[in-house]
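Written below as C-alpha coordinates is the structure these notes are about.
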Amino acid sequence: MKILMALAVVAATAGGAQAATVFSDDFSGYGPNTVLSAPNAVFAPNWTALSGTVDYLASGSAYGNLCNTGTNCVDLDGSTGQGGVFATVKSFAAGTYKLSVAIFGNRRGAGDDIVTIVLGSFSKQLDLSSWEDGSAIFKFTTTGGQLSFANGGGDNQGAILQGVELAAVPVPAAAPLLAGGIGALVALRKRRKA
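Reading the sequence shown from the start, the letters are residues -19 to -1, 1 to 175 in mature numbering (1 follows the signal peptide of the UniProt record, and there is no 0).
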(Lines of atoms letter the chains of each structure in order from A and count residues from 1; the text may use other names and numbers.)
(Lines give C-alpha, C1' and ligand atoms only; values in the text may rest on other atoms or scores of the structure.)
Protein backbone atom coordinates (compact mmCIF):
# COMPACT_ATOMS: atom_id res chain seq x y z
CA MET A 1 0.00 0.00 0.00
CA LYS A 2 2.83 2.40 0.88
CA ILE A 3 4.45 1.71 -2.49
CA LEU A 4 1.23 2.58 -4.28
CA MET A 5 0.95 5.80 -2.26
CA ALA A 6 4.55 6.71 -3.10
CA LEU A 7 3.97 6.05 -6.79
CA ALA A 8 0.78 8.14 -6.68
CA VAL A 9 2.71 11.04 -5.13
CA VAL A 10 5.39 10.75 -7.83
CA ALA A 11 2.78 10.70 -10.59
CA ALA A 12 0.99 13.71 -9.13
CA THR A 13 4.09 15.85 -8.66
CA ALA A 14 6.21 14.90 -11.67
CA GLY A 15 4.26 16.92 -14.25
CA GLY A 16 4.52 16.33 -17.96
CA ALA A 17 7.10 17.93 -20.19
CA GLN A 18 5.24 19.96 -22.81
CA ALA A 19 6.91 20.95 -26.05
CA ALA A 20 6.78 24.71 -26.68
CA THR A 21 6.81 25.94 -30.28
CA VAL A 22 9.85 28.15 -30.89
CA PHE A 23 9.47 28.50 -34.68
CA SER A 24 6.66 27.93 -37.13
CA ASP A 25 6.07 28.88 -40.75
CA ASP A 26 3.49 27.71 -43.28
CA PHE A 27 4.68 30.30 -45.84
CA SER A 28 1.39 32.18 -45.86
CA GLY A 29 1.39 35.94 -46.12
CA TYR A 30 4.67 36.50 -47.97
CA GLY A 31 3.10 37.99 -51.10
CA PRO A 32 3.73 37.13 -54.76
CA ASN A 33 6.19 34.59 -56.16
CA THR A 34 9.79 35.37 -55.28
CA VAL A 35 13.12 33.97 -56.46
CA LEU A 36 15.74 33.90 -53.71
CA SER A 37 19.31 33.56 -54.91
CA ALA A 38 22.32 33.26 -52.63
CA PRO A 39 24.45 34.52 -51.15
CA ASN A 40 22.30 35.45 -48.21
CA ALA A 41 19.09 36.56 -49.93
CA VAL A 42 16.73 37.20 -47.02
CA PHE A 43 13.10 36.12 -47.17
CA ALA A 44 11.95 38.31 -44.30
CA PRO A 45 11.44 37.74 -41.53
CA ASN A 46 12.20 34.04 -41.18
CA TRP A 47 14.41 32.67 -43.96
CA THR A 48 17.57 33.17 -45.99
CA ALA A 49 19.10 31.41 -49.00
CA LEU A 50 22.64 30.47 -47.96
CA SER A 51 23.57 29.02 -51.36
CA GLY A 52 21.93 28.20 -54.67
CA THR A 53 18.37 29.34 -55.33
CA VAL A 54 14.93 28.64 -53.92
CA ASP A 55 11.58 29.79 -55.32
CA TYR A 56 8.68 30.94 -53.18
CA LEU A 57 5.45 29.84 -54.87
CA ALA A 58 2.18 31.60 -54.06
CA SER A 59 -1.17 29.89 -54.38
CA GLY A 60 -2.86 30.84 -57.64
CA SER A 61 0.41 31.70 -59.39
CA ALA A 62 1.84 29.90 -62.43
CA TYR A 63 3.54 27.27 -60.26
CA GLY A 64 1.26 27.60 -57.24
CA ASN A 65 -0.34 24.31 -58.28
CA LEU A 66 2.75 22.59 -56.83
CA CYS A 67 1.58 23.63 -53.36
CA ASN A 68 -1.31 21.97 -51.57
CA THR A 69 -4.59 23.62 -52.56
CA GLY A 70 -4.92 27.16 -51.24
CA THR A 71 -1.48 27.28 -49.65
CA ASN A 72 1.97 28.65 -50.46
CA CYS A 73 5.23 26.68 -50.58
CA VAL A 74 8.94 26.78 -51.41
CA ASP A 75 10.67 24.97 -54.29
CA LEU A 76 14.08 24.08 -52.82
CA ASP A 77 15.80 23.90 -56.25
CA GLY A 78 14.97 27.27 -57.73
CA SER A 79 14.83 28.92 -61.13
CA THR A 80 18.59 29.10 -61.71
CA GLY A 81 18.93 25.32 -61.55
CA GLN A 82 21.22 25.49 -58.51
CA GLY A 83 19.87 23.47 -55.59
CA GLY A 84 19.35 25.79 -52.65
CA VAL A 85 20.23 25.80 -48.98
CA PHE A 86 17.22 27.42 -47.30
CA ALA A 87 17.89 28.33 -43.66
CA THR A 88 16.22 30.10 -40.80
CA VAL A 89 17.51 33.57 -40.00
CA LYS A 90 17.17 32.67 -36.33
CA SER A 91 19.61 30.33 -34.58
CA PHE A 92 18.36 27.93 -31.94
CA ALA A 93 20.02 26.99 -28.65
CA ALA A 94 21.35 23.55 -27.85
CA GLY A 95 18.64 21.25 -26.54
CA THR A 96 16.00 18.69 -27.40
CA TYR A 97 13.54 19.52 -30.17
CA LYS A 98 10.60 18.12 -32.07
CA LEU A 99 10.64 19.10 -35.75
CA SER A 100 7.50 18.72 -37.87
CA VAL A 101 8.07 19.11 -41.61
CA ALA A 102 5.56 19.11 -44.48
CA ILE A 103 7.70 18.29 -47.53
CA PHE A 104 7.01 16.60 -50.85
CA GLY A 105 8.81 15.44 -53.98
CA ASN A 106 9.08 17.90 -56.87
CA ARG A 107 5.56 17.03 -58.14
CA ARG A 108 6.68 17.39 -61.76
CA GLY A 109 7.82 13.89 -62.66
CA ALA A 110 11.52 14.79 -62.44
CA GLY A 111 14.08 12.57 -60.70
CA ASP A 112 14.35 12.02 -56.97
CA ASP A 113 15.27 14.92 -54.71
CA ILE A 114 17.77 14.43 -51.90
CA VAL A 115 17.04 16.92 -49.12
CA THR A 116 19.29 17.24 -46.08
CA ILE A 117 17.76 18.77 -42.96
CA VAL A 118 20.30 20.14 -40.46
CA LEU A 119 20.10 21.82 -37.07
CA GLY A 120 23.47 21.85 -35.31
CA SER A 121 24.57 18.25 -34.74
CA PHE A 122 21.24 16.87 -36.02
CA SER A 123 21.16 15.84 -39.68
CA LYS A 124 18.53 13.87 -41.57
CA GLN A 125 18.58 13.04 -45.26
CA LEU A 126 15.34 12.46 -47.18
CA ASP A 127 15.22 10.79 -50.60
CA LEU A 128 11.95 11.95 -52.15
CA SER A 129 10.53 10.59 -55.38
CA SER A 130 8.59 13.03 -57.54
CA TRP A 131 5.14 12.40 -56.06
CA GLU A 132 6.18 11.29 -52.56
CA ASP A 133 4.89 12.84 -49.36
CA GLY A 134 7.97 12.97 -47.12
CA SER A 135 6.25 14.80 -44.28
CA ALA A 136 7.58 13.64 -40.94
CA ILE A 137 8.19 14.43 -37.30
CA PHE A 138 11.69 14.11 -35.84
CA LYS A 139 12.70 14.29 -32.18
CA PHE A 140 16.37 14.92 -31.47
CA THR A 141 18.95 16.55 -29.22
CA THR A 142 21.34 18.98 -30.87
CA THR A 143 24.19 21.40 -30.29
CA GLY A 144 22.04 24.19 -31.75
CA GLY A 145 22.33 26.55 -34.72
CA GLN A 146 20.27 27.48 -37.77
CA LEU A 147 17.69 25.07 -39.17
CA SER A 148 18.39 24.42 -42.86
CA PHE A 149 17.04 22.46 -45.80
CA ALA A 150 19.53 21.66 -48.58
CA ASN A 151 18.25 20.28 -51.90
CA GLY A 152 20.89 18.32 -53.84
CA GLY A 153 20.90 18.27 -57.59
CA GLY A 154 20.36 21.27 -59.76
CA ASP A 155 17.61 20.64 -62.29
CA ASN A 156 15.27 23.54 -61.40
CA GLN A 157 12.73 21.05 -60.01
CA GLY A 158 13.28 20.64 -56.31
CA ALA A 159 11.44 19.25 -53.34
CA ILE A 160 8.44 21.28 -52.20
CA LEU A 161 8.59 22.59 -48.62
CA GLN A 162 5.07 23.30 -47.38
CA GLY A 163 5.52 24.00 -43.67
CA VAL A 164 7.90 23.81 -40.71
CA GLU A 165 7.33 23.74 -36.96
CA LEU A 166 10.08 23.45 -34.35
CA ALA A 167 9.24 22.89 -30.70
CA ALA A 168 11.62 22.82 -27.74
CA VAL A 169 11.09 19.76 -25.55
CA PRO A 170 11.98 20.54 -21.93
CA VAL A 171 13.78 18.03 -19.76
CA PRO A 172 11.27 16.63 -17.24
CA ALA A 173 11.65 17.85 -13.69
CA ALA A 174 14.06 15.29 -12.26
CA ALA A 175 13.81 16.08 -8.56
CA PRO A 176 10.27 14.73 -7.98
CA LEU A 177 11.05 11.63 -10.01
CA LEU A 178 14.25 10.98 -8.09
CA ALA A 179 12.58 11.59 -4.72
CA GLY A 180 9.67 9.33 -5.62
CA GLY A 181 11.99 6.59 -6.81
CA ILE A 182 14.08 6.73 -3.65
CA GLY A 183 10.92 6.75 -1.51
CA ALA A 184 9.57 3.70 -3.33
CA LEU A 185 12.87 1.84 -2.86
CA VAL A 186 12.94 2.68 0.86
CA ALA A 187 9.34 1.49 1.27
CA LEU A 188 10.10 -1.71 -0.62
CA ARG A 189 13.18 -2.35 1.49
CA LYS A 190 11.22 -1.81 4.76
CA ARG A 191 8.51 -4.16 3.52
CA ARG A 192 11.04 -6.92 2.81
CA LYS A 193 12.60 -6.57 6.28
CA ALA A 194 9.21 -6.86 8.01
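Each residue gets a CB set at the ideal place from its N, CA and C atoms; glycine is no exception. Predicted model, so just to flag it, every value in this text is computed and none were measured.
- In this chain, the beta strand (DSSP E) harbouring C54 covers C54 to D56.
- With respect to F8, N46 sits apart: the two C-beta atoms are not nearer than 8 Å.
- By the CB criterion at 8 Å, L80 and F119 fall inside the cutoff.
- Residues A19 and V66 of the same chain have their beta carbon placed closer than 6 Å to that of S32, with the five preceding and five following residues left out of the count.
- Non-local beta-carbon contacts of G76 in its own chain, meaning distances under 8 Å to residues more than five positions away in sequence, involve T122, T123, G125, A149 and V150 in chain order.
- In the structure shown, A68 falls within a strand segment according to DSSP collapsed to helix, strand and coil.
- Judged by pairs of C-beta atoms under 8 Å, the segment 106 to 114 touches the segment 82 to 98, as three or more such pairs exist.
- Cα atoms of A74 and D36: separation of roughly 28 Å, rounded to the nearest angstrom.
- In terms of Cβ geometry, V70 and V23 form a close pair [threshold 8 Å].
- Between G86 and G134, the CB-CB gap reaches or exceeds 8 Å.
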